[in-house]
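What follows is a short report on a single structure.
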Amino acid sequence: MQKLTQYIVFISGIILLGACSKSSDAFLEKGRTFMSQGNFKEALRYFNWAVEKNSKNQGAFNARGAAYFNLQDYDNALQDFNQAIKLDNKDYKAFLNRGNVKRETNDVKGALTDYTQAIKLNGEITDAYLNRGVVNAQLQQYDAALKDFNEVIKRTKKNKNAYFNRGNILYNQKKYKEAMDDFRACIALDARFAKALYALGMAELLTDKKDDGCGHLQQAANLNHPQADGKVAEYCK
C-alpha cells in the first residue's frame with residue numbers, strides 16, 4: 129500500500145487576545161496592530177514596553193509570546209506563555225499557544241497535554257481540536273485523532289485541513305471510499321490543494337479508477353506536488 133505524505137501540520141495562528149492593564153494598554157494595542165500587519169519585530173518592541181510598564185499584564189506576555197512564535201524564537205515564546213499561564217491558569221489561549229510552541233519543537237506529548245487543557249477550559253475552540261488531532265495522529269493514536277477531526281468537521285464544513293487529515297488516516301486504514309469522500313470535500317474547498325489531489329489520485333488508482341486517478345495525479349503534478357510526476361510516469365503512461 130502506498131503511504132501518503134505526513135499529516136498536515138496545521139498549527140493555528142497564535143491567539144493574541146487578553147486583558148490589558150491601563151498603564152500598558154496603549155503599547156499592547158499598538159503592538160497588536162503591528163502583529164495584524166505581519167510586522168512581528170516592531171510588534172515585539174511594543175510588547176516589551178507593555179511588559180516593562182506592568183509585569184503582571186498577562187495579555188502582554190501572551191502577545192509577546194505570539195510575536196516570538198512568529199519570529200521562530202521558540203525558547204522566548206515558551207517562556208512568555210509559561211508566564212502568561214502562571215499569571216492566569218484559566219486562560220485557554222495561553223495553553224493553546226504554548227501547545228503550538230511545543231508542537232513546533234517536537235514536544236508532541238507536551239503539546240497534547242496543553243491542547244487538552246485548552247479544550248477543558250473552553251470546549252468551543254475548534255482550532256484546539258484540530259491541533260490535538262494532528263498530534264494524536266503523530267503519536268499514532270488514530271482513534272483519538274479521528275474523534276478530534278470529526279469534532280472539527282461537525283462544527284464547520286469549511287476546514288479543508290480537517291478533511292485532509294481525516295482522509296489521510298482513513299486511507300492508511302485502507303478505507304478508501306471514506307478517504308476519497310474526504311479528499312473530494314477538501315478539494316471542493318480548495319481546488320489547488322495539491323496534497324489532496326495527489327491523495328485522491330492514489331486512492332482512485334487503488335480502487336481501479338485509473339482514468340480519474342491519473343487525472344488527479346496530473347493536476348497535483350501541475351501544482352508541483354513533489355511525488356506526483358513520478359506516479360504519473362509509473363501508472364499513467
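Convert by adding 128 to the 1-based position in the sequence shown; the result is the number in our numbering. Virtual Cβ for every residue (Gly too), placed ideally from N, Cα, C.
DSSP state of residue i mapped onto helix, strand, coil
i: Asn364; result: Note on residue identity: the sequence assigns Cys, not Asn, to residue 364. Reduced to three states, the DSSP call for Cys364 is coil.
i: Phe175; result: helix
i: Ser149; result: Bear in mind that a pLDDT of 42 at Ser149, under 50, signals an unreliable position, so the model cannot answer this.
i: Thr233; result: coil
i: Ser164; result: helix
i: Asp340; result: helix
i: Ala319; result: coil
i: Tyr299; result: helix
i: Lys158; result: helix
i: Gly238; result: helix
i: Gln346; result: helix
i: Lys288; result: helix
i: Asp201; result: coil
Closest residue to residue i among the options (Cα-Cα distance)
i: Ser151; options: Gly187, Met163, Gln165; result: Gly187
i: Lys230; options: Leu249, Lys214, Phe209; result: Phe209
i: Gly227; options: Tyr257, Asp216, Leu215, Leu199; result: Tyr257
i: Ala313; options: Leu333, Asn289, Lys181; result: Asn289
i: Asn250; options: Tyr220, Tyr243, Gly238; result: Tyr220
i: Tyr304; options: Asp318, Val280, Gly329; result: Gly329
i: Glu279; options: Ala222, Tyr196, Ile247, Asn176; result: Ile247
Sequence-distant residues of the same chain with beta carbon closer than 7 Å to residue i, five excluded per side
i: Gln347; result: Leu325
i: Val236; result: Val263, Gln266, Leu267
i: Gln355; result: Tyr326
i: Phe162; result: Glu170, Ala171, Tyr174
i: Ala349; result: Ala356, Asp357, Val360
i: Thr233; result: Tyr202
Where the alpha helix (DSSP H) through residue i begins and ends
i: Arg192; result: 186-198
i: Phe353; result: In the sequence as presented, Phe is not what sits at residue 353; that position holds His. Neither: His353 is in no alpha helix (DSSP H) and is coded neither H nor E.
i: Asn259; result: 254-266
i: Ala327; result: 322-334
i: Asp216; result: Segment: none, Asp216 is in no alpha helix (DSSP H) and carries neither H nor E.
i: Lys282; result: 270-283
Own chain, CB closer than 6 Å to residue i, minus 5 neighbours either side, in chain order
i: His353; result: Ala322, Tyr326
i: Phe189; result: Asp208, Gln211, Ala212
i: Tyr270; result: Ile297
i: Lys359; result: Leu345
i: Thr335; result: Tyr304
i: Gly341; result: Gly329, Glu332, Leu333
Below-8 Å beta-carbon distance, residue i vs any chain D residue
i: Val179; result: In the structure shown, chain D cannot be found, because there is only a single protein chain.
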